[in-house]
Every structure is written in structure tokens, then in C-alpha cells.
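Enquirer: The structure is given below, and queries will be raised subsequently.
Here is the structure:
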């Protein structure tokens, strides 16, 4: 276990569904991230949170809504997704500003049908 | 912003041979360069990193070299083993106010017995 836990591991949802992805870290890190990983593409940064405050929204469509209630938990709320949103969604954490690299979770494999 | 290019996209090597993956970056002020290994069904895991004040770093069978003048860095894996088969990502830390990591597109390494 890497110290960053993501649930669920797999998710299939219809375009009209509402679902949430959960990420929890037990490392005492202050920053948390959501990344989208699609085949043959670089990791795409979606959101950055530092001490529960959102510091970056990388032009992500509003159908993705993040929530960070505390430094240990991060959620990604999904609503009215499109088939092209199907991907592996990775959560990561870092001590501070990525100076010491990120610790990633195993990801949630999302399929939108 | 920072742009990271990674080559090759796929690499097939015989067990026991060496593997080399190269990355170039665009921002000469970038100062931190981690490498991640992603095995099937798992999130990326940090395997080695290097900072801009160092030219080379080794950890058992893996090493990373950095050429700041040319703005490129490389991952070297010696005496490859089947368990080295995975996708490898390079990254560079951006120099914006946050300092997030910009990832390369990844290299699929296949080690054949």
C-alpha cells in the first residue's frame, strides 16, 4: 500500500449519473492532486489543493467538481460525464509543492457509457 | 510553461541488457526531475529523482543523468529483469509559484527473457 488509497478501483457510470471518487492519504502531506490518465497521453493535472485550499484548476470542465474537506481527504464529484471522460483518475499527495515528488494512489478506472 | 518530451514511447530489451529513456524539458529554470514507474493496475511510483545541482545519481541498477546545458535527462536501467517491464514517466518541476510536476508521455518498457 502506497499510503494513498483511492476508492472505488473501478467505476462504470451512465452519462446522466452522479458519482464520486474518493482519495485518502495517511502520509501527513499538505498537498493533494487529481490527475487524469488517458492512453498514449501524458498525465493531465486537473486540480491542486494545498492545506485544503484549491490552488489550481487546470481548465477542467464543470462536470468535474473537487472537494477537499481536510488535508487527508480529497473527492472528485462526477456529473453528466461524456464517454471521452473515460480514463484512469489518479490521486496524488506531496509534502509541499512537489519538492520531494508525489505519492500516487492506484487510481480509479472510470468508464462512461 | 514547462514542456517535457519523452522518447522512445516503447522500448523492448532482452533480459540482461541495458535500457535508456531520454527526456527533454523547455524551462531552463526547472530544478527537480523525478522518474516514476507504473506497473499494470497500479499508480506511478517514484523510483529515482535528481536535482539540478547534481549531474548523476545511482541507486543499484538504475541511474539518472542530467545535462542542464542541453536541458535533457535520462534514465538508465542496467541488467534488466522481467520485473522491470512497466511504463516509465519522467517529470520536471515547473518554476511557477506552485512548482507542480509536468510529466512526459511515458515509455512502455518490455523486458523479454
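Protein chains in written order, with this note's numbering: chain A, 21 to 133; chain B, 27 to 139. Ideal placement from N, C-alpha and C gives every residue a C-beta, glycine not left out.
#1: Assign residue 135 (chain B) to one of two classes, buried (16 or more other C-beta atoms within 10 Å of its C-beta) or exposed (fewer than that).
#2: Can you find a C-beta in chain A that's less than 8 Å from the C-beta of residue 130 (chain B)?
#3: Compute the distance between the beta-carbons of residue 129 (chain B) and residue 92 (chain B), then report whether it is under 8 Å.
#4: How would you label residue 101 (chain A), buried or exposed, when you count the other beta carbons within 10 angstroms and need 16 or more for buried?
#5: Identify which residue in A:63, A:38, A:122 has its Cα closest to the Cα of residue 85 (chain A).
#6: Of all the CB atoms in chain B, is at least one closer than 8 Å to the CB of residue 62 (chain A)?
#7: If we cut at 8 Å on Cβ distances, does residue 127 (chain A) have a partner in chain B?
#8: Grab the span of the beta strand (DSSP E) containing residue 126 (chain B) for me, first residue to last.
#9: Under a three-way DSSP split, which group does residue 75 (chain B) fall into?
#10: Please classify residue 52 (chain A) as buried or exposed, where buried requires at least 16 other C-beta atoms within 10 Å of its C-beta.
#11: Note down the Cα distance separating residue 39 (chain B) from residue 108 (chain B), rounded to an integer number of angstroms.
#12: Can you tell me where the beta strand (DSSP E) with residue 66 (chain A) in it begins and where it stops?
#13: From the DSSP output, in three-state form, read off residue 60 (chain B) for me.
#14: So with Cβ pairs under 8 Å, would you call residue 110 (chain A) a contact of chain B?
#15: Between the Cα of residue 101 (chain B) and the Cα atoms of B:54, B:72, B:56, which residue gives the shortest distance?
#16: Put residue 110 (chain B) into one of helix, strand or coil per three-state DSSP.
#17: Mind listing which residues of the region 27-51 of chain A have their C-beta closer than 7 Å to chain B's C-betas, in chain order?
#18: For residue 124 (chain A), count neighbouring Cβ atoms within 10 angstroms of its own Cβ and tell me buried if that reaches 16, exposed if not.
#19: Spell out the partners DSSP gives residue 90 (chain B) in its beta bridges.
#20: Against chain B, which members of the region 65-76 of chain A pass a CB distance test of less than 9 Å?
#21: From residue 103 (chain A) to residue 81 (chain B), what distance separates their C-alpha atoms?
#22: What are the boundary residues of the beta strand (DSSP E) that residue 136 (chain B) is part of?
#23: Using a threshold of 8 Å, state whether the C-beta atoms of residue 63 (chain A) and residue 83 (chain A) are closer than that.
#24: Name the residues in the region 66-86 of chain B whose C-beta lies less than 9 Å from a C-beta of chain A; which are they?
Expert: According to the structure data:
#1: buried
#2: yes
#3: Contact flag unset, no.
#4: buried
#5: With distances taken between Cα atoms, residue 85 (chain A) lies closest to A:38.
#6: True, the Cβ-Cβ gap to chain B drops below 8 Å.
#7: yes
#8: Segment: none, residue 126 (chain B) is in no beta strand (DSSP E) and carries neither H nor E.
#9: strand
#10: buried
#11: 10 Å
#12: 64-70
#13: DSSP places residue 60 (chain B) in strand when its eight states are reduced to three.
#14: yes
#15: Closest in alpha carbon position to residue 101 (chain B), among B:54, B:72, B:56, is B:72.
#16: Residue state, collapsed to three classes: helix.
#17: none
#18: Here residue 124 (chain A) is buried: its Cβ has 16 or more other Cβ atoms, across all protein chains shown, within 10 Å.
#19: Looking at the DSSP assignment, residue 90 (chain B) forms a beta bridge with B:83, B:101.
#20: 65, 68, 70, 75, 76
#21: So the two alpha carbons sit approximately 44 Å from each other.
#22: 133-138
#23: no
#24: 67, 68, 69, 70, 71, 72, 75
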